[in-house]
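Comments concern the structure below.
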Amino acid sequence: MDKAVIDAIREKEQLPDSMTDSEIAKEYKGTYTAARAAVNLEHKLPDQVLADAMRKVFPFMRKRK
């Protein structure tokens, strides 16, 4: 299991830092949580894709901080 997926699971499930990466990988291997974490790392939300496209087309519409 990739380190990024393990970190995403650790954050999502609020696992303690005392759990090692290998323990998390062993416990969550093949689960829905692991699959969802992997997919979320690779894909953007539809709202984010739309916002990115609008930002390219209409650069003046950027959020001002």
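Going by numbering that gives the first Met the number 0, the letters in the sequence shown line up with residues 0 to 64, in that order.
Glycine residues also receive a C-beta, built at the ideal position from the N, C-alpha and C atoms.
Given the structure is predicted, the values throughout are model-derived calculations rather than measurements.
{"Query": "Buried or exposed by the 16-neighbour rule on C-beta atoms within 10 Å, applied to M31", "Result": "Per the sequence shown, the amino acid found at residue 31 is Tyr instead of Met. By the neighbour-count rule (16 or more Cβ atoms within 10 Å), Y31 is not buried but exposed."}
{"Query": "Integer Cβ distance of A34 from M0, believed to fall under 8 Å", "Result": "That pair is no contact at about 11 Å."}
{"Query": "Every unbroken beta strand (DSSP E) within the stretch 21 to 46, with a cutoff of 3 residues, ordered by chain", "Result": "none"}
{"Query": "Where the alpha helix (DSSP H) containing D6 begins and where it ends", "Result": "K2 to E12"}
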